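UniProt numbering puts the first residue of the sequence shown at 1, with every later residue one more than the last. Cβ atoms here follow ideal geometry from the backbone N, Cα and C, with glycine treated the same way. No experiment lies behind these values; they were computed from the predicted model shown. Okay, so here's the structure we're looking at.
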Amino acid sequence: MKTTNVLFEVGLEEMPARFMNDTEKQLKNKTIDWLKNIRLAYQNLTIYITPRRFAVLIEGLAYKQADQEEEAKGPAMKIAQDDAGNWTKAAIGFSKGQGKSVDDLYVKEVNGTNYIFVNKFLKGKTQEELLQDFKDIILSLNFPKNMRWADQNLRYIRPIKWLVALQDEKIIPFEIAGVHTSNVSFGHRFLGEKITINTPSSYAKLLNDQYVIAETTKREKMITDGIKQLEQEKGWKIPVDDDLLTEVTHLVEYPTVFFGHFSEQFLHIPQEVLITSMKEHQRYFPVQTEENQLLPYFIGVRNGTSDHIETVARGNEKVLRARLQDAQFFYEEDQKQSIDHNLKQLDRMVFQESLGTIADKVKRVTEICEIIAEELDLSEQEKTQVDRAAKISKFDLVTNMVNEFTELQGTMGRKYATIFGEDDVVAQAIEEHYMPRNAYDELPNSVVGSVVSIADKIDTIVGCFAVRLIPSGSQDPYALRRQALGILQINQHSSWDLNINQLLEKVFELFDAKDISKAEKSQVLIQLESFFKQRAAYIMKEADIEADIIDAVLVSELSDFSLLLEKAQLLKDKRADSNFKDKQEAFVRVLNLATKAEGHIVESSLFEQDEEYKLYQTYLDIKDYYQSALAKKDAKAALDQLTPLVKPIHHFFDNTMVMADNERIRHNRLALLKVIANEINKFADLTKVQWKQTQIVTD
């Protein structure tokens, strides 16, 4: 089969680095879908992206679509033929529209109705008829922010400067926003020249010769290799932040790593401030000793060659010096204020229009901390520390440093609290109450920090639900999903017996008492439990627990997430156990029939069979031990306590007619199954768990 190589390139003014990862993914996925839709096979597809261009190279692209036959569906037979069996105008028009005659029509039944059909031959189109449509792929890319330029109506991420479209040596003609395709591209803005691309396969090398590394992975490797070389030469440790590496890679077309120096006088500033200033303002990597102590150096990446690199370094040093002088000023000025002074300013900071100021939030968080501390039975010292940490948890929000670097909230709170003489435990809790900031962040290490963190997060979640600010789809402006995850993770990590449902209810009552809520209590609590169960399901899924087991354990009340997770893990381990299969089958028989019960009062005087007595007595024997195991959060022991029920259940069903003719006997037997089912469901709804047999394959 004849194939060609095809290249499309869009040249632009510099794109924002933060949008380039998504643009690259979109371009790849949309191109793959497009090729599938136009039915052209290919051997390889490569995406290139730099700040000034994105491109697609398709190698081994089939020159022509395969010919195919297609079945076309026409009107129903009752419309296609008259009572005499003659073809109607509808049938004749359909056949002509398909390029066929009525002699080619045939009948097929679809959902109980007969329709006419015709097979039509579709001759495959060639590349010349198809490739110009790649213009639609270019225009279909979505960007968070767009702009309009000159007199063009097109809104796009940045103005389009040139277009390349090649089918081997041949230009594929189309135009976007007044720019026509050609075989001419451009190299590095300052170091490169105009490039004539004769063949698509030469694209990357031609750009490389003009100081453009088109492959993202190669640019990234050039940066990491340069950093490793400096580490070896200087004996430094250079921590590479993945997000910063990605951003810097997308900022340059030809990366060259260099280092610079700053005055040691700035090292008295907390290193978190220095590192944040270097990363956020200048996109520099910090330099440390092997003991993780910050050194007065930085690593930068130039968009160009190593020519005159010393001059480049000196210029960057000058810029950084000004930044660090600002940071030093903020740090010193912040220490001139007191915590009490800062707390008074929180009345001026709005948290959310319906939920009040940050000061209002702090008061609620303090009350919630008191509730949690009582439930966890903390010591008096811990309660005092929790109360103080909650009350001053947000004081750093009005500091100059946090105003400049919002990501340092909590971090600077801890630093300043220590300087102002607060208890170390309280200072630590101020920093920790923001943890975890994302799904992969560290959890609070201290009891005090964990309590304040849960209180702060649950205040935000319940408050937003109370005023109907509920996440939907991708919209979650207050990061409620992340905060709910954090609460569950902290509760699990701390091995606390914290009843989430009860806590949600108590927190809602705080909002209700202050006339903040705009919704009914019962409705909000149902929504909150569902919301937290969705987050619990996410955590279990991340732990490789299958969906059926997740559904089974989440039937239980979300009172103790740690126990739910232990149950799920146990069921996962038991899934392929043949002994568990027998146990599950017995319990499922009970669960299924118990749904027919109208009550749960068991009268032993109505028993007629020995199997009824034995089953009921076994239930009474294990009930207290079973509930005790659940109370101790011992899922394995709880499941083991249910095991003695298995044989009596089988004997009961084998020898007893549950649905007896006598109504009282029937209701009593169903009630017996109901009370047993209630206990089983406290563990999980085992009707949802699919048993899987492990297959042993032998040669």
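Put simply, of E612, L274, Y284 and S453 the residue whose alpha carbon is nearest the alpha carbon of I368 is S453.
L61 is bridged by DSSP to T4. With 16 or more other CB atoms across the displayed protein chains lying within 10 angstroms of its CB, S95 is buried. Here L503 is actually not in contact with R535; their C-beta atoms are around 15 Å apart, not less than 8 Å. For A671, no beta strand (DSSP E) run applies; the uninterrupted alpha helix (DSSP H) run containing it begins and ends at E663 to F683, by DSSP. Taken atom to atom, the span from the alpha-carbon of L510 to that of V524 is near 13 Å. Annotation: K521 to V555 spans about 21 Å, alpha carbon to alpha carbon. Within the DSSP bridge table, the entry for V56 names F8 and I47 as partners.
Per DSSP, the continuous beta strand (DSSP E) segment holding Y106 begins and ends at Y106 to V110. In the structure shown, H261 adopts extended strand secondary structure according to DSSP, grouped into three states. Of the candidates L131, D347 and F395, the residue whose Cα lies closest to the Cα of F174 is L131.
When DSSP states are grouped into helix, strand and coil, M222 belongs to the helix group. Secondary structure note for S277: its alpha helix (DSSP H) is the uninterrupted segment Q271 to S277.
Under the three-pair Cβ rule at 8 Å, the segment 203-223 counts as touching the segment 250-261.
Three or more beta-carbon pairs drawn from the segment 556-567 and the segment 626-634 are found closer than 8 Å, and the two stretches are therefore classed as touching. Short of 7 Å from the beta carbon of I269, and not among the five residues preceding or following it, lie these beta carbons of its own chain, in chain order: A327, Q328 and Y331.
Between the segment 175-190 and the segment 149-163 there are three or more C-beta pairs closer than 8 Å, enough to call the two in contact. For L294, the three-state secondary structure derived from DSSP is strand.
Straight-line measurement puts the Cα of D22 at about 54 Å from the Cα of T88. In summary, K125 is exposed, with fewer than 16 beta-carbon neighbours lying within 10 Å of its beta-carbon over all protein chains present.
Using a 10 angstroms sphere on the CB of T196, the tally of other CB atoms stays under 16, which defines it as exposed. Cβ-Cβ distances below 6 Å link E611 to H651, F652, N655 and T656 in the same chain, with the five nearest sequence neighbours on each side left out; the list follows chain order. For I238, no alpha helix (DSSP H) encloses it, and the DSSP letter there is neither H nor E. In the DSSP annotation of this structure, I157 is not part of any beta strand (DSSP E), being labelled neither H nor E. Closest in alpha carbon position to S517, among L207, S354 and I32, is S354. Taken through DSSP and simplified to helix, strand or coil, S562 comes out as helix. When the beta-carbon positions are compared, E59 and N44 come within less than 8 Å of each other.
Two segments are said to touch when three or more pairs of C-beta atoms, one from each, lie closer than 8 Å; by this definition the segment 234-248 touches the segment 284-298.
Taken in chain order, no unbroken stretch of beta strand (DSSP E) lies wholly in the segment 453-537 with a span of 3 residues or more. Under the DSSP assignment, H651 falls in the alpha helix (DSSP H) whose first and last residues are V646 to N655. The criterion of a C-beta distance shorter than 8 Å is satisfied by N668 and V602. Residue pairing for R302: DSSP places it in a beta bridge opposite T256. In the DSSP assignment, Q352 falls within the beta strand (DSSP E) that extends over V350 to Q352. Around K73, the same chain offers Y115 and F117 as residues with beta carbons nearer than 7 Å, after the five sequence neighbours per side are excluded. Under the three-state reduction of DSSP output, K194 falls in the strand class. Scanning P477, D497 and A439 for the CA closest to the CA of V451 turns up D497.
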